[in-house]
Amino acid sequence: MCAAFSHIYLEQRAADYPETKRILGKFPESTVVSIRHYKDVFNRPAQDAHLQNESKNLILAVNDGKKIFDASPVCQDFGMGKFYYAESAMNCVFSCDYCFLKGMYGTSNVVVFVNQEDYLRECEEKLKEGPMYLCASFDTDLGALSGISSWMNTWEEFAASHPDLTLELRTKSVVNSFRIESNIIYAFTLSPDEVISEFEKKTPSLDARIASVNKAIEEGAQVRLCFDPLIYLNNFELCYNRFVDKILQSIDLTRVRDISIGTFRISSDYLPNLRKACPDSSAVLFPFDREDGFCVYPAKLRERLIGIIKNELERAGHGNKLYIIP
Amino acid sequence: MVACRAHNPEVVWFESRLRNQLQDRNVSSGFLLYNFTMIRIFAAIDCEVKALRHLVSDDLEIVLTGIGKVNAAYAVGRTFSAGLTRQNLINDVVINIGTCGAKDLKGLFLVNKITDNATGKDYYPDILRVSGLPEASLITVDNVKTDPEPDVLYDMEASAIYQSCSKLISPDRIIFIKMVSDAGDVEGVTEESVNRLVENYRPKIEELINSIRENLGTNSDQNYDDLYDSLKASASMKIQIDELMRFAESMGADGRKLFDEAGAGEVTSRAEGKEVVARVRSILTHLS
Chain A
2 MCAAFSHIYL EQRAADYPET KRILGKFPES TVVSIRHYKD VFNRPAQDAH LQNESKNLIL
62 AVNDGKKIFD ASPVCQDFGM GKFYYAESAM NCVFSCDYCF LKGMYGTSNV VVFVNQEDYL
122 RECEEKLKEG PMYLCASFDT DLGALSGISS WMNTWEEFAA SHPDLTLELR TKSVVNSFRI
182 ESNIIYAFTL SPDEVISEFE KKTPSLDARI ASVNKAIEEG AQVRLCFDPL IYLNNFELCY
242 NRFVDKILQS IDLTRVRDIS IGTFRISSDY LPNLRKACPD SSAVLFPFDR EDGFCVYPAK
302 LRERLIGIIK NELERAGHGN KLYIIP
Chain B
7 MVACRAHNPE VVWFESRLRN QLQDRNVSSG FLLYNFTMIR IFAAIDCEVK ALRHLVSDDL
67 EIVLTGIGKV NAAYAVGRTF SAGLTRQNLI NDVVINIGTC GAKDLKGLFL VNKITDNATG
127 KDYYPDILRV SGLPEASLIT VDNVKTDPEP DVLYDMEASA IYQSCSKLIS PDRIIFIKMV
187 SDAGDVEGVT EESVNRLVEN YRPKIEELIN SIRENLGTNS DQNYDDLYDS LKASASMKIQ
247 IDELMRFAES MGADGRKLFD EAGAGEVTSR AEGKEVVARV RSILTHLS
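Just so you know, the sequences run in chain order A and B. So for the first sequence, the working numbering puts the first residue at 2; every next one is plus one. So for the second sequence, the working numbering puts the first residue at 7; every next one is plus one.
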């Protein structure tokens with residue numbers, strides 16, 4: 002996927018990086034505005050993320066701060082121990098109503114950091130402490146950015162030469178080429194078509210995602226399926242029942258590494274921004290319960306949503322592959 | 007950039023009748039309440055907007071700020087301090103129209119970057135609407151720039167206007183339209199020559215203003231006071247009611263009908279009101 006950007010904001014110090022030149026070469030029509038620091042644009046107060054969403058701009062920057070972070074406790078660690086995420090880019094070219102990035106950033110513009118070597122060096126330093134599990138597509142969707150940035154390839158190359166690193170590349174996009182390594186996991190987020198059309202704007206259809214999953218399996222890649230977040234809809238029971246039936250019919254789950262299931266949840270601090278960014282979306286207007294600083298569905302609803310997927314997958318004999326965020 | 011011949015000691019408004027009426031009506035409460043959107047054009051001196059004066063209407067006002075950053079910031083402060091709240095202003099659009107200097111650029115420009123020459127700080131208006139105008143960056147200076155650098159515009163107000171407005175208004179709603187009047191040699195710039203310049207660009211400016219006007223939103227004016235009253239709602243209950251009504255609407259449900267069916271009309275105490283709110287929540291979330 003290669004979105005068009007009317008404006009590209011370019012940090013002066015990022016101008017000479019090869020990644021910058023590659024990206025600018027793909028957008029000859031964009032107006033390039035020279036900036037001192039990405040935060041001058043990305044962190045402006047009172048931005049209209051809702052309107053920006055229709056016309057996202059790209060910011061190319063150098064990250065001279067921390068690049069690899071400890072993962073959030075609400076993220077599934079799949080029993081992997083030292084669990085980190087890399088801030089390779091900030092924000093996403095997709096536009097899911099419920100996405101925590103909308104709540105976290107208050108802007109729809111996308112930052113791509115171009116100093117990739119510095120990230121790899123920081124990662125190597127961390128690896129000296131022992132094996133690590135790294136989500137590289139965390140504050141963004143690197144698959145969706147693959148038409149723009151080379152980050153996905155960079156991380157794949159790095160993981161291929163560092164067996165102590167288990168790399169997860171999570172995406173809603175259609176991935177066309179896979180690196181077949183035991184330590185690279187392609188994690189596909191799958192949602193019912195009703196959820197995709199209503200809440201996951203600009204993302205590929207379920208059929209397209211399933212085709213990409215099957216291609217990955219055929220080529221021998223490590224595949225994770227993420228039924229997360231499950232989203233409340235008027236007819237959620239019918240919708241998710243049909244969805245799980247379709248998954249069981251179209252994907253050979255015996256060849257999938259594991260499956261995560263979780264319902265929508267978000268930090269209470271992010272919800273106001275999220276509601277501002279998507280003022281008419283039932284995905285974010287739901288009257289959530291507040292638990293330990295997070296907005297979550299009521300426990301009974303969480304059980305029902307998870308139960309639909311979990312029970313069907315268990316019945317089909319895949320219970321041993323499930324990781325569930327209750 | 008116009009030389010400092012016509013300093014305005016006071017901020018001058020060419021404002022809409024409706025705004026005045028509303029302001030008068032609300033003066034006692036100290037709040038100017040309205041749910042429509044205003045376009046507020048800020049210009050340093052009269053000749054920069056004389057040709058646009060006919061645009062003043064119920065939803066558009068022109069404010070003359072006087073020349074320089076302090077005058078500009080003061081004018082923005084005065085304009086927005088009439089008891090307005092962030093909620094009132096959220097959909098307003100500010101347009102700074104004026105002349106500027108440039109070494110080698112000529113014409114009418116939309117500004118995508120403003121640098122304050124004194125502080126070195128940069129500001130970035132968000133250009134999200136297609137205008138068809140060429141874009142340029144601009145430096146705001148304290149004195150007329152007689153030796154301008156190439157590829158950049160110079161003015162004397164923009165950074166102050168951006169900085170003041172951005173405290174209330176989103177950066178896509180702060181728009182800078184600049185016309186090149188000189189190359190730093192301001193002696194030849196007169197009120198007449200600026201009038202001619204603005205007249206020349208008037209069709210393009212009007213086109214841009216009209217396209218902005220067509221895309222204006224209105225402030226939300228949802229009012230559930232009657233529901234609050236019948237449920238004897240406390241402050242926290244009001245928040246819950248707002249949340250449920252908005253959620254119901256997003257789900258395509260009739261929130262008021264749900265409250266009625268849950269017994270909103272028969273509430274005699276706050277405790278009963280809370281039960282009604284809980285019932286509606288259960289219905290909307292399929293938990294009952």
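Glycine included, every Cβ here is placed at the ideal spot set by N, Cα and C. Since we're looking at a predicted model, the values are computed, not measured.
Cβ-based burial, residue i [other Cβ within 10 Å; buried from 16]
i, result
"A:His-8", "buried"
"A:Lys-68", "buried"
"A:Leu-286", "buried"
"B:Glu-163", "buried"
"A:Phe-70", "exposed"
"B:Ala-241", "exposed"
"B:Asp-132", "buried"
"A:Asp-208", "exposed"
"A:Val-1", "As displayed, chain A neither begins before 2 nor continues past 327, which places residue 1 of chain A out of reach and without an answer."
"A:Gln-250", "exposed"
"A:Pro-327", "exposed"
"B:Ala-124", "exposed"
"A:Leu-239", "exposed"
Backbone secondary structure at residue i - three-state DSSP
i, result
"A:Gln-223", "strand"
"A:Asn-321", "helix"
"B:Phe-323", "For residue 323 of chain B there is no data in the structure shown, the boundaries of chain B being 7 and 294."
"A:Ile-186", "strand"
"B:Val-117", "strand"
"A:Pro-280", "coil"
"A:Tyr-86", "strand"
"A:Asn-92", "coil"
"A:Lys-412", "The first residue shown for chain A is 2 and the last is 327, placing residue 412 of chain A beyond what the model contains."
"A:Arg-37", "coil"
"A:Ala-263", "Correcting the residue type first, residue 263 of chain A is Gly in the shown sequence and not Ala. The answer is strand: DSSP assigns A:Gly-263 an E or B state."
"A:Phe-43", "helix"
"B:Leu-80", "Looking at the sequence itself, residue 80 of chain B is Tyr, so the reference to Leu does not match. Note: B:Tyr-80 maps to helix in three-state DSSP."
"B:Gly-138", "coil"
"B:Gly-107", "strand"
"B:Ser-143", "strand"
Beta-carbon proximity of residue i to residue j, cut-off 8 Å
i, j, result
"B:Glu-141", "A:Thr-264", "no"
"A:Val-176", "A:Ser-151", "no"
"A:Phe-237", "A:Leu-191", "no"
"A:Pro-205", "A:Asp-165", "no"
"B:Ser-218", "B:Ile-45", "The sequence given here places Ile at residue 218 of chain B; Ser does not occur at that position. Result yes, Cβ atoms of B:Ile-218 and B:Ile-45 sit closer than 8 Å."
"B:Leu-293", "A:Lys-301", "yes"
"A:Asn-184", "A:Leu-168", "yes"
"A:Ile-307", "A:Ile-325", "yes"
"A:Val-63", "A:Glu-126", "no"
"B:Gly-107", "B:Ala-189", "yes"
"A:Asp-98", "A:Ser-269", "no"
"B:Asp-128", "B:Lys-75", "no"
"B:Leu-4", "B:Val-192", "The structure shown does not extend to residue 4 of chain B, since chain B is modelled only from 7 to 294, so the question has no answer here."
"B:Phe-115", "B:Lys-56", "no"
"B:Phe-48", "B:Val-99", "no"
"A:Gln-53", "A:Thr-141", "no"
"B:Ala-268", "B:Val-282", "yes"
Residue-level contact to chain A via CB, residue i, 8 Å cutoff
i, result
"B:Met-1", "Because chain B in this structure spans residues 7 to 294, residue 1 of chain B falls outside the shown range and cannot be described."
"B:Pro-177", "yes"
"B:Ser-217", "no"
"B:Asn-118", "yes"
"B:Arg-287", "yes"
"B:Phe-253", "yes"
Minimum Cβ-Cβ distance from residue i to chain B less than 8 Å
i, result
"A:Asp-49", "yes"
"A:Pro-395", "As displayed, chain A neither begins before 2 nor continues past 327, which places residue 395 of chain A out of reach and without an answer."
"A:Arg-45", "yes"
"A:His-163", "no"
"A:Gln-53", "yes"
"A:Asn-235", "yes"
"A:Lys-301", "yes"
"A:Leu-61", "no"
"A:Val-34", "yes"
"A:Asp-41", "yes"
"A:Arg-266", "no"
Legend entry - In chain order, each alpha helix (DSSP H) run of at least 4 residues that lies wholly inside the segment 103 to 179 of chain A: If we require 4 residues or more, the alpha helix (DSSP H) runs fully inside the segment 103 to 179 of chain A come out as 117 to 128 and 152 to 161.
Inset, instruction - Counting only runs of 4+ residues fully inside the segment 219 to 263 of chain B, write out the alpha helix (DSSP H) ranges in chain order. - result: Taken in chain order, the whole alpha helix (DSSP H) runs of length 4 or more contained in the segment 219 to 263 of chain B are 231 to 237 and 241 to 256.
Legend entry - Any alpha helix (DSSP H) of 4 or more consecutive residues that is wholly inside the segment 231 to 256 of chain A: 237 to 251
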